[in-house]
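Visitor: In my numbering, the protein residues as written are 1 to 166.
No residue lacks a Cβ here, since even glycine has one placed at the ideal position from N, Cα and C.
No experiment lies behind these values; they were computed from the predicted model shown.
If you scroll down you'll find the structure; I have some questions about it.
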Amino acid sequence: MKTKATYLDPKRVLVETPQGDKFIIGFHSEMNYQWEQQANIPFTDFLASLFDKIYKGDEGVIMGEINRQLMINRFESVFSYQRDPIQNRMLMGDRIRELREQKQLDVVTLALKSSIQPNTLKRIEAGNFSVDLDVLTQIAQGLGMKIDFVELKNDEDHESISDIRS
Numbered sequence: 001m002k003t004k005a006t007y008l009d010p011k012r013v014l015v016e017t018p019q020g021d022k023f024i025i026g027f028h029s030e031m032n033y034q035w036e037q038q039a040n041i042p043f044t045d046f047l048a049s050l051f052d053k054i055y056k057g058d059e060g061v062i063m064g065e066i067n068r069q070l071m072i073n074r075f076e077s078v079f080s081y082q083r084d085p086i087q088n089r090m091l092m093g094d095r096i097r098e099l100r101e102q103k104q105l106d107v108v109t110l111a112l113k114s115s116i117q118p119n120t121l122k123r124i125e126a127g128n129f130s131v132d133l134d135v136l137t138q139i140a141q142g143l144g145m146k147i148d149f150v151e152l153k154n155d156e157d158h159e160s161i162s163d164i165r166s
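Right under this line is the structure:
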């Protein structure tokens with residue numbers, strides 16, 4: 001399977017990779033769209049081929065190179081990119097379910113510990129509910145965990161907040 005790139009609107013392209021990742025790539029203007037529509041320049045095909053060639057699962061590493069290739073080939077550079085919101089909800093739900101199962105808790109028990117409705121927790125785990133920070137904090141407390149915004153590879157890869165501030 002190859003990467004697919006399709007326009008959501010003249011300034012945004014949805015990119016779907018063979019790995020199952022989805023990204024919404026935003027541009028400042030409609031220039032790339034206009035070129036594809038009016039001059040038959042296959043921008044979406046070119047963008048998809050860049051993802052096929054460069055993307056290996058870590059979007060932070062590749063966006064610089066994709067941007068560079070776009071500019072070299074005289075396309076407009078990327079203004080913004082994000083994972084597809086639905087995919088984010090699915091990833092969040094999968095991670096919460098994984099942590100709940102590691103703690104050997106059922107949905108009802110974790111919901112009670114988190115002060116949320118069991119149906120809400122089921123919807124979150126299924127990726128059908130967008131979790132705000134308040135609810136995420138409640139779930140983390142129910143799991144006996146803290147929310148950390150930075151995924152750490154191992155304990156030697158980071159400094160404490162107090163070390164960074166000094």
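Is the Cβ-Cβ distance between E125 and I147 less than 7 Å?
Guide: Counted from its first residue, the sequence shown places residue 125 at position 125. Counted from its first residue, the sequence shown places residue 147 at position 147. Not closer than 7 Å, so no.
Visitor: Name the one or two DSSP bridge partners that K25 has.
Guide: Mapped onto the sequence shown, residue 25 falls at position 25. A quick correction: the sequence has Ile, not Lys, at residue 25. Its beta-bridge partners are V13 and Y81.
Visitor: By the 10 Å Cβ neighbour count, where 16 or more other Cβ atoms means buried, how is S114 classified, buried or exposed?
Guide: Here the question's residue 114 lines up with position 114 in the sequence shown. By the 10 Å Cβ count, S114 comes out buried.
Visitor: Counting Cβ pairs, one atom from each stretch, are 3 or more of them under 8 Å apart for the region 100-114 and the region 61-80?
Guide: Taking 8 Å as the limit for Cβ pairs, the verdict is that the region 61-80 does not touch the region 100-114.
Visitor: Just how far apart, CA to CA, sit E98 and L143?
Guide: Numbered from 1 along the sequence shown, position 98 holds the residue referred to as residue 98. Numbered from 1 along the sequence shown, position 143 holds the residue referred to as residue 143. Going from the Cα of E98 to the Cα of L143 covers about 11 Å.
Visitor: What separation, rounded to the nearest whole angstrom, lies between the Cα atoms of D52 and P85?
Guide: Reading the sequence shown from its first residue, position 52 is the one you call residue 52. Reading the sequence shown from its first residue, position 85 is the one you call residue 85. C-alpha separation (whole angstroms): 22 Å.
Visitor: Assuming the contact rule is C-beta atoms closer than 8 Å, P18 and Y33 should be a hit. Round their C-beta distance to whole Å, please.
Guide: If you number the sequence shown from 1, residue 18 lands on position 18. If you number the sequence shown from 1, residue 33 lands on position 33. Incorrect: roughly 24 Å between the Cβ atoms, too far for contact.
Visitor: How is A48 classed by DSSP in three states: helix, strand or coil?
Guide: Locating residue 48 in the sequence shown gives position 48, where the first residue counts as 1. Helix at A48.
Visitor: Assuming V135 is part of the alpha helix (DSSP H), what are its boundary residues?
Guide: Start at 1 with the first residue of the sequence shown, and residue 135 comes out as number 135. Looking at the DSSP string, the run of the alpha helix (DSSP H) that includes V135 is L133 to G142.
Visitor: Assuming R89 contacts S130 (C-beta within less than 8 Å), just tell me the rounded distance between them.
Guide: Position 89 of the sequence shown, counted from the start, is the residue given in the question as residue 89. Position 130 of the sequence shown, counted from the start, is the residue given in the question as residue 130. That belief holds up - the Cβ atoms of R89 and S130 are roughly 6 Å apart, short of 8 Å.
Visitor: Output needed for F43: all residues of its chain with C-beta closer than 7 Å, excluding positions within five of it in sequence on either side, in chain order.
Guide: On the sequence shown, residue 43 is found 43 positions in, with the first residue counted as 1. Excluding residues within five positions, the ones whose Cβ falls inside 7 Å are N32, W35, E36 and F75.
Visitor: Compute the Euclidean distance between the alpha carbons of R100 and T3, then round it to the nearest angstrom.
Guide: Translated into positions along the sequence shown, residue 100 becomes position 100. Translated into positions along the sequence shown, residue 3 becomes position 3. Taking the straight line joining both Cα atoms gives about 34 Å.
Visitor: Does the beta-carbon distance from L47 to A5 come in below 7 Å?
Guide: Within the sequence shown, the letter at position 47 stands for residue 47. Within the sequence shown, the letter at position 5 stands for residue 5. Yes, Cβ-Cβ distance for L47 and A5 is below 7 Å.
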